[in-house]
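**Student:** Take this structure first; my questions come after.
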Amino acid sequence: MTADRRDDLLVLLAAALPLAVLLLRERLIAGSAGFPLDDSWIHLHFARNIAEGAGFAYNPGVPVAGSTAPLWTLLLAAGARVAGASLVMVKTLGVACALATALVLRRAALAWGASPPTALVAAIALLWSGPFAWGALSGMEVTLAALLVAAALLALARDRLVLTAVAGGLATLARPEAVVLLPFLALARRPTPKRLALFAVVVVLALLPFAAFCWATTGTPVPSTAAAKVEGGLLGRLLGLREPARVTWLDRPLAFGVEWLVWLTSTHPLLPLALPAIALAWRGSEEPSGSSPPNRRRGGRALGIVGLVLLAHPLAMAVLAPYRGPGFQEGRYSIHLLPVALLLLAVVFGPWREAVASSLKEMGGPEMAPQTLPARDTGSARNRVSVRNSALAASLARVLYLAVALVALAPAADRYAWGVQNINAMQVHLGRWVDANLPRSATLAVNDVGAIAYFSRRRVLDLMGLVTPEIRPYRREGEAGVLRFVAERCPDFVIVFPAWFPEITARRDLLTPVYRVRLERNEVSGGPEMVVYRLARCAV
236 MTADRRDDLL
246 VLLAAALPLA
256 VLLLRERLIA
266 GSAGFPLDDS
276 WIHLHFARNI
286 AEGAGFAYNP
296 GVPVAGSTAP
306 LWTLLLAAGA
316 RVAGASLVMV
326 KTLGVACALA
336 TALVLRRAAL
346 AWGASPPTAL
356 VAAIALLWSG
366 PFAWGALSGM
376 EVTLAALLVA
386 AALLALARDR
396 LVLTAVAGGL
406 ATLARPEAVV
416 LLPFLALARR
426 PTPKRLALFA
436 VVVVLALLPF
446 AAFCWATTGT
456 PVPSTAAAKV
466 EGGLLGRLLG
476 LREPARVTWL
486 DRPLAFGVEW
496 LVWLTSTHPL
506 LPLALPAIAL
516 AWRGSEEPSG
526 SSPPNRRRGG
536 RALGIVGLVL
546 LAHPLAMAVL
556 APYRGPGFQE
566 GRYSIHLLPV
576 ALLLLAVVFG
586 PWREAVASSL
596 KEMGGPEMAP
606 QTLPARDTGS
616 ARNRVSVRNS
626 ALAASLARVL
636 YLAVALVALA
646 PAADRYAWGV
656 QNINAMQVHL
666 GRWVDANLPR
676 SATLAVNDVG
686 AIAYFSRRRV
696 LDLMGLVTPE
706 IRPYRREGEA
716 GVLRFVAERC
726 PDFVIVFPAW
736 FPEITARRDL
746 LTPVYRVRLE
756 RNEVSGGPEM
766 VVYRLARCAV
């Protein structure tokens, strides 16, 4: 077995540990398998409808761009077509994307100049990151987005412009925040007008079909989910939302920047070192011709430019289309950038032995090969000891990083398990209750549209606007507007968190409680209680 195949095998074996930890905690806390977010069921509901021939629609026959991750939704649809829509299918695809991301990241680290041991540790560190392990089993798109980001990094290292643009464009279709990475990928290597134009054309071709679908179904070039969730910023202004300039340009960027640092630190205490590594990466470029093998230069300008996305990410989230911060829901809007951060750490801080050997050479000592020690004593014993010590220090640093990652994995496993418990106990339970107790012809107005729609297969009106974009003008009027929408559409039942609509749910002349579910420990649901109401009359 070659060393390359051996390292790939080690990466695959290493993935078993975090997956086992999360699945064990899920079994102990939730009692059964599930998803830690209701949004995961939204993807699967779309996917099942597509696989069954109903089109990209939430209510069959009504097309809607209701997914901010259409590439993931389409991948699930393909899986549902082949193997049926199920938890196992979704989690299998999520884990497969996670494994592929780690394997691609290892190759990207090697291509950018990291040593094989350091590249291996970077891949394992990704798999052992709590948010990434969460993403693999969450039913969400984060591991697919991370895979495409890692693929873009590998293509960029090999100076494959078209492949870099394709991977970057597809990453945006898997997680829209990845759009922030695109300009840095475009500018990283020889940004001539011809190369920039080619990059832009490829990206536009990748994004244009979904943008056209969004325009046809929602009237905007962005999906209805983005239009419904955005809370301000530049996109909010285009959609008619107004907020003080201080909030847009100062308060929110500062808050998101702090949250970004907190999330990086909670993911791994050493991960914030990726930020100063951006500057250090620039120093590794412009090595003399012939000084290193092809594609083995230590980062350099290209990697430094790409690394700037770690600084731009929280600011872009705050200014362009803000909803929640970088750490929201285990960092689901940020996990796709973990390959960038780990690549920087591997390339900039990984080559301990080589750095020591280079320093010794400059001081007049013997030159030490980066991977082997000299067979004969050709210099001072002190220099040989220094190189041996540097090798030991590098090995200890790698072990320490992985050990700390394991410590941080435990609380992430508990958060995952409690998320599954909450969604199973509330939204999944209510979806099954509706299926068993309400008429098949019933229309439901809901504020959590995932599992309830998936398990009940009833027609739904989404009071939050994710898959019912026509409610957006009503929502600008607050509860009064939502009540007017309900009165006009006249659903048979309303299923909501009373805490979200206190005025509406207090109207006993309009809503009659039929069934309720309350969580003893709420970690991820929008409220501790969700109630099924019968709409008594449609007139307000």
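Here the sequence shown is numbered in our numbering, starting from 236 and rising by one per residue. Note that the Cβ used here is the ideal one computed from N, Cα and C, for glycine as well.
From T237 to D243, what does the alpha carbon distance come to, in whole angstroms?
**Tutor:** Near 10 Å, if we compare the C-alpha coordinates of D243 and T237.
**Student:** Using only CA atoms, which one of A509, L405 and T460 lies nearest to V438?
**Tutor:** Nearest of A509, L405 and T460 to V438, Cα basis: L405.
**Student:** Starting from I285 and walking both ways along the alpha helix (DSSP H), at which residues does that stretch end?
**Tutor:** Its alpha helix (DSSP H) spans residues D274 to A286.
**Student:** Between V497, T740, R430 and W369, which lies nearest to D394 when the distance is taken from Cα to Cα?
**Tutor:** D394 has its Cα closest to that of R430, out of V497, T740, R430 and W369.
**Student:** Contact check, V541 vs L420 under 8 Å by CB: the rounded distance?
**Tutor:** Between L420 and V541 the Cβ distance is about 7 Å, and since that is below 8 Å, they are a contact.
**Student:** Three-state secondary structure (DSSP) at S526?
**Tutor:** With a pLDDT of 41 at S526, under the threshold of 50, the modelled position of that residue is not reliable, and the figure given next carries that caveat. Reduced to three states, the DSSP call for S526 is coil.
**Student:** Keeping to the same chain, check which residues put their C-beta closer than 7 Å to that of T399; ignore five residues upstream and five downstream.
**Tutor:** Taken in chain order, the residues that qualify are A387, A390, L391 and L420.
**Student:** Taking the alpha helix (DSSP H) that V541 belongs to, which residues open and close that run?
**Tutor:** Here the alpha helix (DSSP H) through V541 covers R536 to G542.
**Student:** Less than 8 Å separating the beta-carbons of L254 and A368?
**Tutor:** Taking 8 Å as the Cβ cut-off, L254 and A368 qualify as a contacting pair.
**Student:** Hey, out of L340, L665, N672 and L546, whose CA is closest to N682's CA?
**Tutor:** Cα-wise, what sits closest to N682 is L665.
**Student:** Might you give, ordered along the chain, the residues of its own chain that have their beta carbon closer than 8 Å to the beta carbon of R260, omitting 5 neighbours on each side?
**Tutor:** The residues are A648, D649, Y651 and A652.
**Student:** Which residues does DSSP pair with R753 in a beta bridge?
**Tutor:** Paired residue(s): E764.
**Student:** Quick one: what does DSSP say P776 is sitting in, helix, strand or coil?
**Tutor:** What is shown of the chain runs 236 to 775, which leaves residue 776 out entirely.
**Student:** By the three-class DSSP mapping on this structure, what secondary structure does F491 have?
**Tutor:** The answer is helix: DSSP assigns F491 an H, G or I state.
**Student:** On a Cα-Cα basis, can you pick out the residue from L272, L247, D239 and L579 that is closest to A686?
**Tutor:** Measuring from the Cα of A686, the nearest candidate turns out to be L272.
**Student:** Starting from F728 and walking both ways along the beta strand (DSSP E), at which residues does that stretch end?
**Tutor:** Per DSSP, F728 belongs to the beta strand (DSSP E) from F728 to V731.
**Student:** Please classify N530: is it buried, with 16 or more other beta-carbons within 10 angstroms of its beta-carbon, or exposed?
**Tutor:** With a pLDDT of 41 at N530, under the threshold of 50, the predicted position of this residue should be treated as unreliable, and no value is reported.
**Student:** Looking at V655 and G269, is the spacing between their C-beta atoms short of 8 Å?
**Tutor:** Yes.
**Student:** What do you reckon, are the CB atoms on L499 and A357 nearer than 8 Å?
**Tutor:** Not a contact, by the Cβ cut-off of 8 Å.
**Student:** Please go through the region 640-697 and give each complete beta strand (DSSP E) segment of 3 or more residues, from N-terminal end onward.
**Tutor:** Taking only runs of at least 3 residues, the beta strand (DSSP E) segments lying wholly in the region 640-697 are 678-681 and 694-697.
**Student:** When DSSP builds the beta bridges, which residues end up paired with L746?
**Tutor:** L770.
**Student:** Just tell me which of Q564, L515, A300 and M765 has its CA closest to the CA of G539.
**Tutor:** Among Q564, L515, A300 and M765, the Cα nearest to that of G539 is on L515.
**Student:** Relative to the C-alpha of R342, which residue among R240, A413 and N659 is closest?
**Tutor:** Of R240, A413 and N659, the residue nearest in Cα terms is R240.
**Student:** Give me, in chain order, the residues of the same chain whose beta-carbon lies closer than 7 Å to that of G525; leave out the 5 immediate sequence neighbours on both sides.
**Tutor:** Caution is warranted here: a pLDDT of 41 is assigned to G525, below 50, making its placement in the model unreliable, and no coordinate value can be reported.
**Student:** State the start and end residues of the unbroken alpha helix (DSSP H) segment that holds P859.
**Tutor:** This structure leaves residue 859 out entirely; the chain is present only between 236 and 775.
**Student:** Which residues in the same chain as L555 place their Cβ atom closer than 7 Å to its Cβ, once the five residues preceding and following it in sequence are excluded?
**Tutor:** Once the five neighbours on either side are set aside, the close Cβ partners of L555 are G468, L469 and L470.
**Student:** Contact between the region 366-385 and the region 407-419: three or more CB pairs below 8 Å?
**Tutor:** Short answer: they touch.
**Student:** Determine the burial state of D274: buried for a count of at least 16 other Cβ atoms within 10 Å of its Cβ, exposed for fewer.
**Tutor:** Under this definition D274 is a buried residue.
**Student:** Within the chosen definition, does the region 304-313 reach the region 689-701 through at least 3 CB pairs nearer than 8 Å?
**Tutor:** Counting Cβ pairs under 8 Å, fewer than three are found: no touch.
**Student:** On the premise that R694 lies in contact with N294, defined as a C-beta separation below 8 Å, what is that separation, rounded to the nearest angstrom?
**Tutor:** Yes, they are in contact, since the Cβ atoms of N294 and R694 sit about 5 Å apart, within 8 Å.
**Student:** Assuming M324 is part of the alpha helix (DSSP H), what are its boundary residues?
**Tutor:** First-last of the alpha helix (DSSP H) with M324: L322 to W347.
**Student:** What number of angstroms, rounded off, separates the C-alpha of Y636 from the C-alpha of L355?
**Tutor:** One C-alpha to the other measures close to 12 Å.
**Student:** Pull up the distance between the alpha-carbon of H503 and that of G560, whole angstroms please.
**Tutor:** Using only the alpha carbons, I get a separation of about 18 Å.
**Student:** With a 10 Å radius around its C-beta and 16 neighbouring C-beta atoms as the bar for buried, classify E494 as buried or exposed.
**Tutor:** By the 10 Å Cβ count, E494 comes out buried.
**Student:** Distance, Cα to Cα, V465 vs L361?
**Tutor:** Taking the straight line joining both Cα atoms gives about 30 Å.
**Student:** Please state whether DSSP places T452 in a helix, a strand or coil.
**Tutor:** T452 falls in the helix class under three-state DSSP.
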